[in-house]
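Right, one structure below, let's go through it.
In mature numbering (1 follows the signal peptide of the UniProt record, and there is no 0), the protein residues as written are -25 to -1, 1 to 134.
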């Protein structure tokens, strides 16, 4: 049972992170002129970024717990939910019982409403910090390729 819960949390973590990334990709386009991965990030900006980053992690954990609760409330196991969801995303035939497909649809409706609220919460966390969503996204994108920026962030997070 514990292993099943851990697998569930891992899958939802990945889904949550993917959802957050995709949501920001839709709402905060990365400026096209940003060809180089290195950007200038002041210590003050990086401190704001770190605070938002930590807040987003907490919010992500919260939404994952709520997503798990929705799936469980529909009396579905996560493996079945994920199998159906993957098939629907890939536009392939769903190999599941009709009642499971209906449970999946109900769960997805509830999760989509939650995701809208989560998106608003993420945007508020960012803008309340004094960073624009676009600037947060620029820093997050640069963070993926800029080791020095990663080390500076890690130092702030560890300190």
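Each residue gets a CB set at the ideal place from its N, CA and C atoms; glycine is no exception.
Since this is a predicted model, take the numbers as computed values, not measurements.
Can you look up residue i in the DSSP assignment and give me helix, strand or coil?
{"i": "residue 65", "result": "coil"}
{"i": "residue 37", "result": "helix"}
{"i": "residue 99", "result": "helix"}
{"i": "residue 105", "result": "coil"}
{"i": "residue 79", "result": "helix"}
{"i": "residue 43", "result": "helix"}
{"i": "residue 89", "result": "helix"}
{"i": "residue 84", "result": "helix"}
{"i": "residue 53", "result": "helix"}
In the DSSP assignment, find the alpha helix (DSSP H) that holds residue i and state where it starts and stops.
{"i": "residue 71", "result": "Careful: residue 71 lies outside any alpha helix (DSSP H) and carries neither H nor E."}
{"i": "residue 133", "result": "122 to 133"}
Roughly how many angstroms lie between the CA atoms of residue i and residue j, to the nearest whole one?
{"i": "residue 38", "j": "residue 76", "result": "23 Å"}
{"i": "residue 122", "j": "residue 106", "result": "22 Å"}
{"i": "residue 115", "j": "residue 27", "result": "11 Å"}
{"i": "residue 124", "j": "residue 84", "result": "39 Å"}
{"i": "residue 98", "j": "residue 108", "result": "7 Å"}
{"i": "residue 103", "j": "residue 111", "result": "12 Å"}
{"i": "residue 119", "j": "residue 126", "result": "11 Å"}
{"i": "residue 117", "j": "residue 81", "result": "38 Å"}
{"i": "residue 42", "j": "residue 34", "result": "12 Å"}
{"i": "residue 69", "j": "residue 13", "result": "44 Å"}
{"i": "residue 45", "j": "residue 66", "result": "23 Å"}
{"i": "residue 29", "j": "residue 52", "result": "30 Å"}
Between the beta-carbon of residue i and the beta-carbon of residue j, is there less than 8 Å?
{"i": "residue 132", "j": "residue 31", "result": "no"}
{"i": "residue 25", "j": "residue 128", "result": "yes"}
{"i": "residue 50", "j": "residue 78", "result": "yes"}
- Task: Determine, using beta-carbon pairs with one atom in the region 86 to 99 and one in the region 16 to 25, whether at least three such pairs fall under 8 Å.
- Result: no
- Message: Three or more C-beta pairs under 8 Å: does that hold for the region 50 to 60 against the region 93 to 108?
- Response: no
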